[in-house]
Amino acid sequence: MEGINFRAVFNVDNKLFFDALLVRKKVFVDEQNVDITEEIDDFDDKAYHVVGYLLNEAVCCARIYSNDNKWYWGRIAVLGKYRGKKIGNKLMDFLKDFSKKELSLHEVYIHAQNYAVNFYEKNGFKKISDVYMDTNIEHVDMKLLIENED
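First residue of the sequence shown: 6, per this note's numbering; consecutive thereafter.
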């Protein structure tokens, strides 16, 4: 989808973070019935927050954070009315580029919802765990090696 632009910040005290929360609330809390107290966690304070905008509307989001000497992408979401329009793929491309160029990362991990494994595999992730339950939703851990194209 043309016209989408991405922004990333390391700070929860800004408009971009609140835009990310709006997307997360619609997708995870409203659609998937995740409790808001589980959706917002301590990792938000130490994460890079990414939002994709289309005509000034926040349509997708993600966060990038470090935990136990590993880097993770999480809270990856696209608003329902924009799914199936390749926005998720554009978000993955932005996350790869930002992780590589801005953070010098060579690998990242995600706790993927099981229904989305195929999407993540198409974007280069490999499963590294069995299925487990998190917030009453099946998940698997996945890993992505970020290629150095320089």
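We treat Cβ as the ideally placed atom computed from N, Cα and C, and that holds for glycine.
query = How far does the alpha helix (DSSP H) with Arg-29 in it reach, from first residue to last?
reply = Its alpha helix (DSSP H) spans residues 20-29.
request  = Leaving out five residues on either side along the sequence, give the residues of the same chain with a beta carbon under 6 Å from the beta carbon of Gly-57.
outcome  = Same-chain partners within the cutoff: Ile-9, Phe-11, Val-64, Cys-65, Leu-96.
message = Comparing C-alpha positions only, which one of Asp-49, Lys-90, Asn-94 sits nearest to Asn-72?
response = Asn-72 has its Cα closest to that of Asp-49, out of Asp-49, Lys-90, Asn-94.
Option in Asp-139, Phe-23, Lys-101 with minimal Cα separation from Tyr-77 = The option with the nearest alpha carbon to Tyr-77 is Lys-101.
inquiry  = On the DSSP letters alone, give me the boundaries of the beta strand (DSSP E) that Gly-57 sits inside.
reply    = In the DSSP annotation of this structure, the continuous segment of the beta strand (DSSP E) that includes Gly-57 starts and ends at 52-59.
ask   = Apart from the five residues on each side of it in sequence, which residues of its chain come closer than 8 Å, Cβ to Cβ, to Val-32?
value = Hits under 8 Å: Ala-82, Val-83, Leu-84, Gly-85.
ask   = Is Phe-92 helix, strand or coil when you go by DSSP?
value = The sequence given here has Ile at residue 92, not Phe. In this structure, Ile-92 counts as helix in the three-state DSSP scheme.
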